[in-house]
Amino acid sequence: MNFYNPQPYNTPQGNTNYNQNLPLEQSYIENILRLNKGKKVRVHMTFPDSNEWRDLEFKGIIEQAGRDHIILSEPSTGVWQVLLMIYVDYISFDEQVNYSPEFYPN
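My numbering puts the sequence shown at residues 9 to 114.
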């Protein structure tokens with residue numbers, strides 16, 4: 009499988025030249041979240057082993073995302089949260105989601 013893309017990536021804003029030596033990554037949820045860093049989201053999660061905390065919704069701004077976690081901040085309260093991906097059911101956005109089937113790390 010070839011993870012390198014020798015061609016510049018075309019965006020709706022125009023042709024963008026990326027470093028030809030950067031690996032092309034597949035579209036994983038953490039990459040989609042990274043493309044939407046700074047946007048407000050609602051993360052819907054289920055904790056199956058808890059009756060008290062079974063289904064929860066977390067609101068905040070995407071600060072960072074990794075393979076197994078999401079970091080949200082809530083400016084009005086100053087609270088920052090690290091959420092584990094394993095419990096995520098789905099994520100809701102109130103605005104258009106930035107998406108690309110390929111991900112070019114910065």
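For each residue, glycine too, the CB sits at the ideal point set by N, CA and C.
Source: prediction; values computed, not measured.
Candidates the options, of which the one nearest residue i by Cα
i	options	result
GLU82	ALA73, PHE66, ARG75 and TYR107	PHE66
LEU62	THR85, SER84, ASP97 and LYS47	Reading off the sequence, residue 62 comes out as Arg, not Leu. Ranking THR85, SER84, ASP97 and LYS47 by Cα distance to ARG62 puts ASP97 first.
GLU71	ILE40, ASN59, TYR107 and GLY46	GLY46
PHE55	PRO109, TYR95, TRP88 and VAL87	TYR95
Sub-8 angstroms separation of residue i and residue j beta-carbons
i	j	result
GLY74	GLU38	yes
MET53	ASP76	no
ILE78	LEU41	yes
LEU91	LEU80	yes
Bounding residues of the beta strand (DSSP E) (the contiguous stretch that carries residue i)
i	result
ILE70	63-73
PHE101	96-101
Residue i: first and last residue of the uninterrupted alpha helix (DSSP H) it sits in
i	result
ILE37	37-43
Supposed contact pair residue j and residue i - C-beta distance, whole angstroms, cut 8 angstroms
i	j	result
SER100	VAL49	7 angstroms
Bridge-paired residues (DSSP) for residue i
i	result
VAL105	Its beta-bridge partners do not exist; DSSP assigns none.
LYS48	ILE69
SER81	ILE69 and TRP88
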